[in-house]
Amino acid sequence: MSPDLLLALFTGAALFGVGIYGALSQTNLVMIMMGVELILAGALVNLVAFWRFLHPHSYAGQMFVLIVMTVMALEMAVGFGVAIARFRARGSVEMEEATELQG
Amino acid sequence: MNTLVIVLSLLAGAYLVAVLEAWLATGRFRLAAPAWAAVALLGRESIVPRTPDRIFFETAPVLLLIAALLAAAVLPLSPSMVMANLATGALFVNAALAYVLVALLMAGWGSDSAYALVGGWRFLGQVIAYSMLIVMPITAVAMRAESLLTTDIVSSQEAVWNILYQPIGFVLFFVASMAVAFLPPFDLPIAVGDLAGGVEAEYTGVRLAVFRLGRMVLVITLAAATTVFYLGGWMGPVLPPWAWSAIKILAVSAAMLLGGYTLPRIREAHLLAWCWKLGIPLALINLFIVGVMVLIWP
Amino acid sequence: MALISLQTVFIAFFGIAAIGFGIWVFRTSSMMRSALALLFSQTALGAMFLAMQAEFLGVLQIMMMATEMSIMAIFMVMFMMDPGGLGAMEMSHQKRLSILAGVAGALATAGIALFTQWGVVVTSAPAAAEQTRALGTELLGRSMLIFETAGVTILTAMIAATAVALPTLQRKRNA
């Protein structure tokens, strides 16, 4: 069996891990969004690898990649909208200061 | 071999564009002017600003050159003279041109100077204005050719060139390409009057030479893209294909340089407003018209 | 063991590059470097798609991410107190937990990848032109509704994001 599929899946797994680390450890909203982007990038790699190595004649796989790319763009748009609103209201987008909802 | 020929002809084209630009700037036609300017730049001391972001500062001019060359790689000069005839050629041009933005942002941030920084961010705003006007007209072109292959796009214009078939798209693409290459009146990132050179303010010596070369190649590349997408590429009577390509590309780049030369520099806010309120609706109308026309008269 | 194919080498190379740049995103304190490292990570992924013969998707990824991450960069610089990273500010919290979660997530997904029976790996992919054509047919055929939904969702998100980001009337009056 060719190692290509596993290599691609491992890349996806590593990007997923790095993304989780980033999303959890960063204190700034924009940096957290970067972590989420990396997680989604990991998903992208997996989808392309599945399409290429398992079902190269089923284009629903490529279609799915397009949808994930859309989600990435949406995440950015909405995230930045929220970031601007929060910055206007509170003067920062640091997560340490976002304690309004703390019980 | 093919690659070498194309790169050399691109560089020759870039040289001619530089001659033209010097002619416009000084009012004297001197064929050797860019060569002397280049020698002067190469001989000059390369001053590095005090605390640059070294990685970005060094990469930016090279990235600009590479982006322009990559975009040129998929554009055919004759039926066989194309570096890489990708199945996604028309999309690849967009992808390569997107890195012009990255190069300018890197130059702006890396220089550690206020003017350069402002210039870099200005170009980001400029990209948001023009990018749709690059993508949508290309989409219309690809619709007519029913292919993203650049060679197919040229041969789809056998009967009527796209400049007549979709004139709105041509105008939009032409103006937007002037904005990509930050030629006047869209030279916001290097605005000589108000930003004192903007992104290239801190560049001297070899780096500035590479930066300028990259920009000249970019102008030639965009002229080649206009030729391929709208002016029937290599097609024309009597002369061999490559000669037609060369003539058209040089004519388009001359038009790009001359077109905005006497206009005052546009303001960033006005550029955004015009592009989004006028340009994008026009681009959509163009898409619609071309879609209908492809059905009735391909 | 047969000779390792060129495709494998490229996939591995770009994969490692993507991971490396991905890690660099969180290891530098300069916001610009962080955003551009993410861009290069995504570009390496695009190159990896190209190595996996998904030409359209690769080029699309390379194109989309350039603009997207540049916009990310300007927001980073806008919203960070120390965008240049000169003050050596601490920008992370719950480090141990995050590292644990990250490693656990990566190991779990890698383990799933390793221990699943993936079946037969197909060695040849359709030609690029054929792929582009088939993807277009898929988009405007069977998956058209999904694609339309994505389009409408983008529109909704654009309007919502703009509405959220616009200053309130009160604020405008004060300005």
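As given, the protein sequences belong to chains A, B and C, one line each in that order. Position 7 of the first sequence, counting from 1, maps to -13 under our numbering, and the rest follow consecutively. Position 96 of the second sequence, counting from 1, maps to 89 under our numbering, and the rest follow consecutively. Counting the third sequence from 1 gives a position; our numbering is that position plus 6. Glycine residues also receive a C-beta, built at the ideal position from the N, C-alpha and C atoms. All values derive from a computational prediction rather than experimental measurement.
Of the residues S72/A, V48/A, L(-11)/A and G(-3)/A, the one whose Cα lies closest to the Cα of A110/C is G(-3)/A. For N78/B, the three-state secondary structure derived from DSSP is coil.
Contact of A135/C with chain B is assigned, a C-beta pair being separated by under 8 angstroms. In the DSSP assignment, N8/A is bridged to E74/A. Inclusion of A89/B and A122/B in the CB contact set at 8 angstroms is not warranted, their separation being larger than that value. Counting the other CB atoms within 10 Å of its CB gives R137/B a total of 16 or more, which places it among the buried residues.
Within the same chain, and ignoring the five residues on either side of M11/A in sequence, the residues whose Cβ sits closer than 8 angstroms to its Cβ are G2. Per the C-alpha coordinates, the member of F60/A, S72/A and P36/A positioned closest to S130/C is P36/A. Secondary structure at S98/C: strand, using DSSP grouped into helix, strand and coil. Listed by position along chain A, the residues whose Cβ is nearer than 7 angstroms to that of A140/C are Y39. Boundaries of the alpha helix (DSSP H) around E74/C: E61 to F85. DSSP places A216/B in the uninterrupted alpha helix (DSSP H) bounded by G198 to Y223. T34/C and D145/B have their C-alpha atoms spaced approximately 46 angstroms apart. Assigned with DSSP and collapsed to three states, E14/B falls in helix. Where W267/B is concerned, the enclosing alpha helix (DSSP H) starts and stops at E261 to W267. Within the region 75 to 90 of chain B, L79, A80, T81, L84, F85, N87 and A88 place their CB atoms closer than 8 angstroms to a CB of chain C, listed in sequence order.
Counting only the Cα atoms, L46/A lies some 40 angstroms from A194/B. Excluding residues up to 5 positions away in sequence, A83 and L141 lie with their Cβ nearer than 6 angstroms to the Cβ of A135/B in the same chain. Nearest Cα to M78/C within the set Q159/B, V95/B, V231/B and V173/B: V95/B. Contacts with chain A (Cβ-Cβ distance below 7 angstroms) from the region 95 to 106 of chain C involve M97, S98, H99, Q100, K101, L103, S104 and I105, listed in chain order. Per DSSP, the continuous alpha helix (DSSP H) segment holding I160/C begins and ends at M150 to A171. Sequence-ordered contacts of the region -14 to 0 of chain A with chain C read L(-14), L(-13), A(-12), L(-11), F(-10), T(-9), G(-8), A(-7), A(-6), L(-5), F(-4), G(-3), V(-2), G(-1) and I0 [C-beta pairs closer than 8 angstroms].
Distance from the Cα of G226/B is smallest, within the candidate group Q150/B, V164/B, L79/B and L117/B, for Q150/B.
With distances taken between CA atoms, V16/A lies nearest to G108/C out of I22/C, V170/C, G108/C and A166/C. The three-state reading of DSSP puts S170/B in helix, counting H, G and I together. When secondary structure is reduced to three states using DSSP, L146/C falls in the coil class, being assigned neither helix nor strand. Taking 8 angstroms as the upper bound for CB-CB distance, R115/B and P182/B are in contact here, some 5 angstroms apart.
DSSP, read as helix, strand or coil, puts F179/B in coil. In the DSSP annotation of this structure, the continuous segment of the alpha helix (DSSP H) that includes A53/C starts and ends at M37 to A57. By the Cβ neighbour-count rule, I17/C is buried, with 16 or more other Cβ atoms within 10 Å of its own. Put simply, the backbone Cα of A236/B is about 18 angstroms away from that of A248/B.
The C-beta distance from A63/A to V73/A rounds to 5 angstroms, short enough to fall under 8 angstroms. With its beta carbon at least 8 angstroms from every one in chain C, L81/A lies outside the interface. Only buried fits R39/C, as 16 or more other CB atoms lie within 10 angstroms of its CB. Sequence-distant Cβ neighbours of A100/B in its own chain, meaning closer than 6 angstroms and more than five residues away, are A53 and V192. Scanning its chain for C-beta atoms nearer than 6 angstroms, with the 5 sequence neighbours on each side dropped, one finds around A216/B the residues I242, V245 and S246, in chain order.
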